[in-house]
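Peer 1: I'd like to ask you about the structure that follows.
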Amino acid sequence: MDILKNMLLPPGVEHLQMLPVLVVFMLWAHLPFAGIAWICNLLSLVFWRRNPAAARDLGRVAPLTWSTVCIFIVLPLASLLFLFQHFLFGEMVPVGSYILRLTLPIILGFLLLALGQHRRQAAFVAAGSVLLAGGYFFFSSVMNLIFTPEKWPFIRRPMPDVFSVTVVVHFKVFCLVSVLLAGAAILFVLFHWPEKRLPVDAPHAETLRRMALAMVSGGSLLLPVFMIWELYVAPEPALSLNAFWLSALVLVLLAVLAIWSVTMLGRSASRWIAAAFVGALAVSGLLILKDHSLQAAANQEHWVLLNESSARALAEWQGQRAAQLAKNMVADDKLGEKIYNDRCTACHRFDQKVVGPPYNQVLPKYAGDMEKLKTFLRNPVKVDAAYPAMPNQGLTELEVASVASFLLKKHDEGK
Amino acid sequence: MERRDFLKVLGIATGGVAASWSSGFGQDKLVSRVLPPPEGHIPGEPIHVHSVCTECPAGCGLTVTVRDGLPVKLEGNPHHAVGGGALCVRGQASLVRVYHPERVRRPLYREPGGELKPIGWDEAMARVRTELAAAAGAGRTNAFWGGRSTASLHRLIGETCATLGLERLPEFEIFHHGALRGAYGRLFGRRTVPAYRIDRADALLTVGADIVDTFLSPVEFARQIAPKLEAGWPWFHAEPALSLTGARAARRLAVAPGSERFLLAWLLRTVPARQPLPAGVTAAMPSVTREEAARQTGVPAADLDALARALADARQPLVVAGGVSVAHADGHAVALLAGLLQWSLGAIPALVDFSADHTFDAVGTLADARQVAERLKAKRIGVLVMSRLHGLEFLDGAVEALPEAAFSVGLTDFLSPAFAGCRLILPVSHALESWGDAEPQRGRLGLIRPVFRPLHGTRSEGDILLQLAGKTTSFKDYLFAAWRPYPAAWWKQGYVERPVRAEAVKLADGAAGALAALGQAPELAAPALVVAPSLRTFDGRSRVIPLLHEIPDPLSTVTYGPWVNVPPGLARSMGLADGDELRLGGAARPVRVLPGLPEGVLLAAVDAAAGLGLKADPATGELLACRGGISAVKTGRRTPLPFLSGGMDATHRGILPGDEGPHHHHEKHSLYEPYEYVDYRWAMAVDLDRCVGCSACVAACYMENNIPVAGPEEHLRGREMSWLRVQPYVRGGEAPVFIPVMCQHCDAAPCETVCPVYATYHNEEGLNVQVYNRCVGTRYCNNNCPFKARRFNWFEYDAPAPLDRLKNPDVSVRPKGVMEKCTFCIQRITHAKDKAKDDGRRKVRDGEIVPACAQTCPAGAITFGNILDEKSRVYQLAHSGRAYRLLEMLGTEPAVYYLSKKVK
Amino acid sequence: MALNTRKLIPVLVGYFVVCALAVGALGWYWLEYQQAPVQPIDFSHRIHANKLGLECSFCHTGAAVSARATVPPLSRCMECHESAATDRPEIVKLTGYWKAQQPIEWVKVHSLPWHVRFTHKRHIAANVDCTVCHGEVKAESRVRRVRSLTMGWCVDCHRAKQVSVDCWICHH
């Protein structure tokens, strides 16, 4: 995957600051929608023959249109590809190529789902669901690989190390969150959203409502087990306090969701559906944050060095640019004189000792060497022990050049 | 999918695989040094320091391996004249002494009748000075009484005694060779113990001198005789009881106790003299006929003839008498006649070298010790400063007299019986903690160097004496002053071989008179009790080392004693079985039936003889170690004795050379592919013709491999931990053959196939490897091992501090519940391979890997190497035609080859 | 058919409390045992190895020549800190150790269990970079363990580099 490498510039400082936010945002843009679509389509397969209306309704919970596929699937995956390439810039791990390889089956899977729903072909939906299951299993393994740097030197297969407990647990967490979200989404879309909600007398409404509530309660009850398991098997360098408090927060949300859904199961109509859906989205967001905290902690040293090197690269670049600019700088004597009068005369006279030394004492050593004077002006250091060090004036290149030129001219005149 | 992946999936499917990231941060610390290590020292890498072994009077050269500032292993100094790289069982185990938890750690003082209480050094020194002055004022003699000392310490004791006005009493050693020194004094005017050049002799008669057990310098002797043993030489050993030397000699002559004079006298008359004897001497020699000699000694006349012929035919025959044969009522005659025979056979001065004699000049006899005891009892001794009085308790009535001194000061490392009653104990540093030198034989001077700072608040004997004398110099300075003239190379190699001037030896005029003065030979009625020096504790001084009790006595295989060996005939007639108690004089001891022990003789090691009333011979001052007319009564009680399991009789078992073993009617079939080795197939050759059974290898194995000491209770349950045992086997009436048995690293190892967890497996270099952390302790392997070479850790055998610091860091300490066994010193294989890689070699050179057992073997009986390499020594030995393997009929294809002439 | 699910609520609350306790326990265990330990002196590799660019072997002299990498003797620290940054609190601590000639007891971060024999020398000789096992220590202000140091991980590397995976290589 040299193409990928060659396409990348070293990440810049600002980009690095934004990168974690972007990663989390893109994952959050993608995974909840993908999970809901996947699970709802799987469910619609269950109802396909028995209850075609219910199946159709389930298919429209997460409608796969050109715009949703682009916004929630293609765009996030493509961004993630580059974001992770930048996140792991310089490391010998082919995460970018893995994500690229995963992107294709995942997109294909969603297209199959869309086609199946559109043409009412169960086989397409089934094939798409299977493809997606495989795709997200390997997606889990890639996410795992990122927070297990010790495995990087030993990857020799076209796929990352998939047969490990951590990967399986991670995938199970993804599935459970998807179930939870799908349940909440079914309730939200079919029972709450004014434009899309089911007619009140729809024969399958109660079935779907109960199923959705069961999905929410089942998901929120099983999720803690796998979440704790995931924490238990996580490699120790990947752990940080963030991972634990985020997990605790997820637990609180899950507890509320579980109590809500169980209570609603006992009633004939559901309330607070929108809040529950937001809660489920928050759960998925927090889990993504937690996942990324593992990745960040495991790559802490890499992150430090990456930031340093990009800062260094920036400084180098700025230095080069400054030198380039300075070379072509035309000194402006008017500006020089203005600065001289505004600032320099506060401490210096030409032949008189004030706070700083008199010019006729210090300027001769710069005579004919304007660069030396400029260097001093850019970054003044203490020269004479008898005087305090000159504070940095924070001059721009143009100002430096102008004031230096003015000073030397004045010195020459004074001779 | 690979098997491993399949298992992972299986684990996931069944819902539980334990976390791999489980270990956290323990309390492990990385302690920095304050200052950098000395130039050239790499922390954690071994440092080798040359020194001298001080565990017995032989004074073998030492190489101390120091790791992280602690000595972890002793090996012989290969360049040193004494030992030549080998060490005996005691030398190997003596490192335990330094770390011994019961060492005296600070000066102790007791008010009369009170308990010992710690005091400061300054106070202790002041107290000695006050007491010295007080006793001198009271008209008593102050005295210094020590064990044998040599070189600088010997001089310093003399000087200190002169400064402090102490009388220097004759030095005390139980085995002081008084009879030999007396006889040589009478015959040649040399009251000393000459060096016996056994390496130059081509025929040897040893009379009682147990040269491979304890006599003078056993490691050196074993090293010298080993090649001769392999070649086959006429070596006769006459002894009343049974020793390793007897078992090892080409011909063992079991002489009746006290009858050695007849044998020697007959030889004097029979073997043609090569150096003329004066007529007076010839006339005074007792006249013994062949028949009388045979009758008195109980040796068949044919054997006597063979002996006489061998001595007569040899170019340089040598006779050495000593040990138990001079330690009886007729000992003086035996020593005298042996000296005369040496002269007559022309062994003096070529083979009996008086110029490089053993430095026993200042050592008194037991008669002197008896005199000291008398003087003590008469309350004539004031302050008695004592040091290194080993085995004083075995001499009847000696220790009891010590409290009669006005004030007794003990310089010691342990509160042994001789020192337990002292008023003041000054703790002495071990030789590994202090400077010193030793000159066991004249001209062989070795430097003793400290390898670490004293573990406790102890001081070296030299420093204590200097401080007592009020000197401000340290013993180090004192020593350096003596060593300064020597070249730097001597310092570095740690020893000196100073040339000694050979002086002419003449038969003294008084020789005839001495012969004439010999009375009749006293009768020693059966049963006789022979008290021999102990191979494991010498004169009892090494008793404090637990490891030496753990290692079986090679003859009887008993580990924890005390016990008395009885001959099978006597045992039958008295109805004695192993462990039955026998009352001998004042004490009762359990018995061990010892095949090969002559009838009518009971054998005990000296450390088992306390309380049996050992007396000194008034004529020679020797311990009366061989006494007749013993009353031996069966008490009817039993004390279980721990000894190696398995009968000693190996007839038709496939163990001894030339013995096919029971016929197996199965063809050899294997379900497994034969192994194909690429670079190495490690193998070992053990030369039974050379092995003397000294058990040094066993001790070396313990020290090298962190093998725990299990203790007597565990031994009684058959749970010894040694990876290597020296097992004596007898066939018919022959002398025992010692077979060192370790893991045989079989090609078709029965242990490997039964391990359910693959903890023991065959590696690509032929090693049968035991992976401790994989072992779950089913012990199936142990059950299936026909050689019983495997050991199981029933407990965590934690050693008490500071003994827990004595660990080879290259070898894992096994936890409980884990099987272990000989690894062929895998850590040394690793080390050699490491070195080969460093040097850019692909393979290890032959002889580069020396396992601990082979390293310390005085006889050089063990060879290790790569049997794939046809040039290697082990290949050549295995294909020498002398090789056989244990229990070969079982078809386990062992990698340990035993060599014996009897195979052919 | 309305279920009376209100009775289930206490059970649910209990369940989530137990889960919260489990998360708390894991967090406590991590805080206590698994995160980078506090050292007697807050030595920063980031300053020494990254900012100053010192080689690992400048202080860990044993790595190339012996089984252990070894921590530097105090004298090595004092070569520079006799004069450098002497007023910082951590350097004051260091000077205290030096004045008392007292060794520093660093907490060992990379510990191997009792049954493993590891040698640095062979690995350095085989051109295995320090970072393979220790990670980018130069980016760490406080050293932490970033590799599991489990057998499977060691074996992965041995397999990848086609070195022996015979058990006794490490276990004896």
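Chains as they are written, first to last, in our numbering: chain A, 60 to 474; chain B, 558 to 1461; chain C, 472 to 643.
Even glycine gets a Cβ: it sits at the ideal position worked out from N, Cα and C.
Because the structure is a prediction, the values reported are computed rather than measured.
Tell me, which residues are paired with B:Pro874 by DSSP?
Peer 2: By 1-based counting over the second sequence, the position of residue 874 of chain B is 317. Partner(s): B:Ala760.
Peer 1: Per DSSP, what are the beta-bridge partners of B:Asn1122 in this structure?
Peer 2: Working through the second sequence from its first residue, we reach residue 1122 of chain B at position 565. In the DSSP output, where bridge partners are listed per residue, B:Asn1122 has B:Arg1149 and B:Leu1160.
Peer 1: Have a look at B:Asn1330 and B:Pro1313 and give me their C-alpha separation to the nearest angstrom.
Peer 2: Counted from its first residue, the second sequence places residue 1330 of chain B at position 773. Counted from its first residue, the second sequence places residue 1313 of chain B at position 756. When the Cα atoms are used, B:Asn1330 and B:Pro1313 turn out to be separated by approximately 14 Å.
Peer 1: Just curious, the alpha helix (DSSP H) that A:Met202 is in, first and last residue?
Peer 2: Position 143 of the first sequence, counted from the first residue, corresponds to residue 202 of chain A. Counting along the chain, the alpha helix (DSSP H) containing A:Met202 begins and ends at Ala181 to Ile205.
Peer 1: Quick check on the burial criterion: 16 or more other C-beta atoms within 10 angstroms. Buried or exposed for C:Phe529?
Peer 2: Along the third sequence, read from residue 1 onward, the residue named residue 529 of chain C stands at position 58. So C:Phe529 ends up on the exposed side.
Peer 1: Chain C beta carbons: is any one of them nearer than 9 Å to that of A:Ala317?
Peer 2: By 1-based counting over the first sequence, the position of residue 317 of chain A is 258. With 9 Å as the cut-off, A:Ala317 counts as an interface residue toward chain C.
Peer 1: With a cut-off of 9 Å, does the C-beta of B:Ile599 fall near any C-beta of chain C?
Peer 2: Taking the first residue of the second sequence as position 1, residue 599 of chain B is located at position 42. Taking Cβ atoms only, chain C reaches closer than 9 Å to B:Ile599, which makes this a yes.
Peer 1: According to DSSP, is B:Cys1342 part of a helix, a strand, or is it coil?
Peer 2: Taking the first residue of the second sequence as 1, we reach residue 1342 of chain B at position 785. Look at B:Cys1342 here: in three-state DSSP terms it is coil, with no helix or strand label.
Peer 1: When we look at the beta-carbon of A:Pro217 and count the other beta-carbons within 10 Å, is it buried (16 or more) or exposed?
Peer 2: Stepping through the first sequence from its first residue, residue 217 of chain A is reached at position 158. Exposed: under 16 other Cβ atoms inside 10 Å.
Peer 1: Verify the CB distance criterion: does A:Ser218 have a CB-CB separation below 9 Å to chain C?
Peer 2: Along the first sequence, read from residue 1 onward, the residue named residue 218 of chain A stands at position 159. Residue 218 of chain A is actually Met in this sequence, not Ser. Not closer than 9 Å to any Cβ of chain C, the Cβ of A:Met218 fails to qualify, so no.
Peer 1: Below 9 Å between beta carbons is the criterion; list the residues of the stretch 1319 to 1353 of chain B that meet it against any residue of chain C, in chain order.
Peer 2: Asn1320, Glu1321, Glu1322, Leu1324, Val1326, Gln1327, Val1328, Tyr1329, Asn1330 and Arg1331
Peer 1: Going by alpha carbons, who is nearest to B:Asp1225 out of B:Gly704, B:Gly722 and B:Gly1448?
Peer 2: As a position in the second sequence, residue 1225 of chain B is number 668, starting the count at 1. Contrary to the premise, residue 1225 of chain B reads as Lys rather than Asp in this sequence. With distances taken between Cα atoms, B:Lys1225 lies closest to B:Gly1448.
Peer 1: So does B:Ala807 have its beta carbon nearer than 8 Å to some heavy atom of the ligand PLP?
Peer 2: Because no ligand of any kind appears in the structure shown, any question about the ligand PLP cannot be addressed here.
Peer 1: Within 9 Å (strictly less), CB to CB, does A:Val284 reach chain C?
Peer 2: Numbered from its first residue, the first sequence carries residue 284 of chain A at position 225. Yes - at least one Cβ of chain C is within 9 Å of the one on A:Val284.
Peer 1: Over the uninterrupted alpha helix (DSSP H) stretch that includes B:Thr1192, give me the two end residues.
Peer 2: The residue given as residue 1192 of chain B occupies position 635 in the second sequence. It is not in any alpha helix (DSSP H) - B:Thr1192 instead sits in the beta strand (DSSP E) that spans Ala1189 to Arg1195.
Peer 1: If I measure Cβ to Cβ from C:Arg547 and keep anything under 7 Å in the same chain, skipping five residues before and after, which residues do I get?
Peer 2: Stepping through the third sequence from its first residue, residue 547 of chain C is reached at position 76. Within the same chain, C:Arg547 has close Cβ partners Cys530.
Peer 1: Between B:Glu849, B:Arg660 and B:Lys1063, which lies nearest to B:Phe745 when the distance is taken from Cα to Cα?
Peer 2: Mapped onto the second sequence, residue 745 of chain B falls at position 188. Measuring from the Cα of B:Phe745, the nearest candidate turns out to be B:Lys1063.
Peer 1: Tell me whether B:Leu1443 sits in a helix, a strand or coil according to DSSP, three-state version.
Peer 2: As a first step, residue 1443 of chain B must be located in the second sequence, where it is residue number 886. Under the three-state reduction of DSSP output, B:Leu1443 falls in the coil class, being neither helix nor strand.
Peer 1: Check whether the Cβ atoms of B:Glu1156 and B:Arg1146 lie closer than 9 Å to each other.
Peer 2: For this step, residue 1156 of chain B is matched to residue 599 along the second sequence. For this step, residue 1146 of chain B is matched to residue 589 along the second sequence. Taking a C-beta distance under 9 Å as the contact criterion, B:Glu1156 and B:Arg1146 do not qualify as a contact pair.
Peer 1: So, B:Arg1178 versus B:Leu1081, is the Cβ gap smaller than 9 Å?
Peer 2: One-based indexing of the second sequence puts residue 1178 of chain B at position 621. One-based indexing of the second sequence puts residue 1081 of chain B at position 524. Here residue 1178 of chain B turns out to be Gly, not Arg, going by the sequence shown. It is not a contact, given that the beta carbons lie outside the stated cut-off.
Peer 1: Taking the C-alpha atoms as reference points, what is the distance between B:Lys1049 and B:Thr620?
Peer 2: Along the second sequence, read from residue 1 onward, the residue named residue 1049 of chain B stands at position 492. Along the second sequence, read from residue 1 onward, the residue named residue 620 of chain B stands at position 63. Distance between the alpha carbons of B:Lys1049 and B:Thr620 is about 12 Å.
Peer 1: Should C:Trp501 go down as buried or exposed, given a rule of 16 or more other Cβ atoms within 10 Å for buried?
Peer 2: To locate residue 501 of chain C, count along the third sequence from 1; it is residue 30. Buried, by the Cβ-count rule.
Peer 1: Determine the chain B residues that contact C:Asp637 at a beta-carbon separation under 7 Å, and present them in chain order.
Peer 2: Here residue 637 of chain C refers to the residue found at position 166 of the third sequence. Under the 7 Å cutoff, chain B gives Asn1320 and Glu1321.
Peer 1: Buried or exposed, going by whether 16 or more other CB atoms sit within 10 Å of the CB of B:Gly1204?
Peer 2: Working through the second sequence from its first residue, we reach residue 1204 of chain B at position 647. It is exposed - the Cβ of B:Gly1204 has fewer than 16 other Cβ atoms within 10 Å.
Peer 1: Between the stretch 351 to 371 of chain A and the stretch 589 to 607 of chain C, are three or more C-beta pairs nearer than 8 Å?
Peer 2: Flag = yes, the stretch 351 to 371 of chain A and the stretch 589 to 607 of chain C touch.
Peer 1: For C:Gly533, which residues in chain B fall below 7 Å Cβ to Cβ?
Peer 2: Numbered from its first residue, the third sequence carries residue 533 of chain C at position 62. Those within 7 Å of C:Gly533 in chain B are Ile599, Pro600 and Gly601.
Peer 1: Please report how far the alpha carbon of B:Pro1007 lies from the alpha carbon of B:Pro628, in whole angstroms.
Peer 2: Mapped onto the second sequence, residue 1007 of chain B falls at position 450. Mapped onto the second sequence, residue 628 of chain B falls at position 71. Roughly 10 Å separates the two Cα atoms.
Peer 1: Is there a C-beta anywhere in chain C that falls below 9 Å from the one on B:Ser580?
Peer 2: In the second sequence, the residue the question calls residue 580 of chain B occupies position 23. In this prediction, B:Ser580 scores a pLDDT of 38, lower than 50, which makes its location untrustworthy; the coordinate-derived value is nonetheless stated afterwards. So yes, B:Ser580 belongs to the interface.
Peer 1: From the DSSP output, in three-state form, read off B:Met1376 for me.
Peer 2: In the second sequence, the residue the question calls residue 1376 of chain B occupies position 819. Three-state result, B:Met1376: strand.
Peer 1: Between B:Leu1198 and B:Arg1149, is the Cβ-Cβ spacing less than 9 Å?
Peer 2: As a working mapping, residue 1198 of chain B is identified with position 641 in the second sequence. As a working mapping, residue 1149 of chain B is identified with position 592 in the second sequence. Cβ distance < 9 Å, so B:Leu1198 and B:Arg1149 count as in contact.
Peer 1: Alpha carbons only, please: which of B:Gly1067, B:Val909 and B:Pro1372 is nearest the one belonging to B:Gly1334?
Peer 2: To locate residue 1334 of chain B, count along the second sequence from 1; it is residue 777. Closest by alpha carbon: B:Pro1372.
Peer 1: If we define contact as Cβ-Cβ less than 9 Å, is B:Leu587 a contact residue for chain C?
Peer 2: Residue mapping note: residue 587 of chain B aligns to position 30 of the second sequence, counting from 1. It does: the Cβ of B:Leu587 has a partner Cβ on chain C nearer than 9 Å.
Peer 1: Mind listing, in chain order, the continuous alpha helix (DSSP H) runs of no fewer than 4 residues lying wholly within the stretch 327 to 398 of chain A?
Peer 2: 332 to 357 and 359 to 386
Peer 1: Quick one: is C:Met472 near chain B, going by C-beta distance under 9 Å?
Peer 2: Counting from one through the third sequence, the residue named residue 472 of chain C turns up at place 1. Summary for C:Met472: the model assigns pLDDT 45, below 50, so the residue's position carries little reliability; its value from the coordinates is reported in the next sentence. Judged by the 9 Å Cβ criterion, C:Met472 is not in contact with chain B.
Peer 1: Can you give the Cα-Cα distance for C:Ala571 and C:Leu545, rounded to whole angstroms?
Peer 2: Here residue 571 of chain C refers to the residue found at position 100 of the third sequence. Here residue 545 of chain C refers to the residue found at position 74 of the third sequence. For C:Ala571 and C:Leu545, the distance between alpha carbons rounds to 11 Å.
Peer 1: Any idea which residues DSSP pairs B:Phe1095 with across the strands?
Peer 2: Looking up residue 1095 of chain B in the second sequence gives position 538. B:Ser1091, per the DSSP bridge assignment.
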